[in-house]
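Numbering (my numbering), first residue to last: 569 to 720. What follows is one structure encoded as structure tokens, with my remarks underneath.
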Ligand code: ADP
């Protein structure tokens, strides 16, 4: 059983995340979309809302499960016996940020591998931050979020 964890805030999920998940599906038996809960961070959507959005977006996808966790991602991966961490890379800035985390994770849990998928060019400018800004300003986010994203 090859299980990957895709950790993220998913505040909210975008078509960029969705594309990475769909491209990774053939590589794993299961992908756990794991919402990391950081009590020092404030979020736009509540944890319950983010879980319910993910459930709706991946309804009927047997290889995808949704979870939340707090604490270290490596510890969470060990607990659920995941062998891989999945992340997406849009830009050089993403790469620098992700490189540090992946190296630290490797040090803490050598048996865990992080795999990165390079974002498709048309998704490289899409971020949860931009989607939140559009929402705050009353704009239409439908081009940037998965088709089943619930209407508010
Ligand atoms: P975090 O708060 O951990 O950065 P995010 O939900 O913002 O969580 O992102 C989770 C992962 O998805 C990260 O690896 C990020 O680089 C990746 N990601 C975010 N947006 C995109 C996108 N448009 N295309 C590809 N990967 C993306």
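All C-beta atoms, glycine included, are put in the ideal place defined by N, C-alpha and C.
With a threshold of 7 Å, the Cβ atom of residue 633 does not count as near the ligand ADP, since no heavy atom of the ligand is closer than that. Burial check for residue 656: the Cβ neighbour count within 10 Å reaches 16 or more, so the residue is buried. The ligand ADP never approaches residue 708 closely enough for any of its heavy atoms to be under 7 Å from the residue's Cβ.
The ligand ADP approaches residue 687 closely enough that one of its heavy atoms is under 7 Å from the residue's Cβ. DSSP places residue 613 outside both helix and strand once states are collapsed to three, so it counts as coil. DSSP, read as helix, strand or coil, puts residue 577 in coil.
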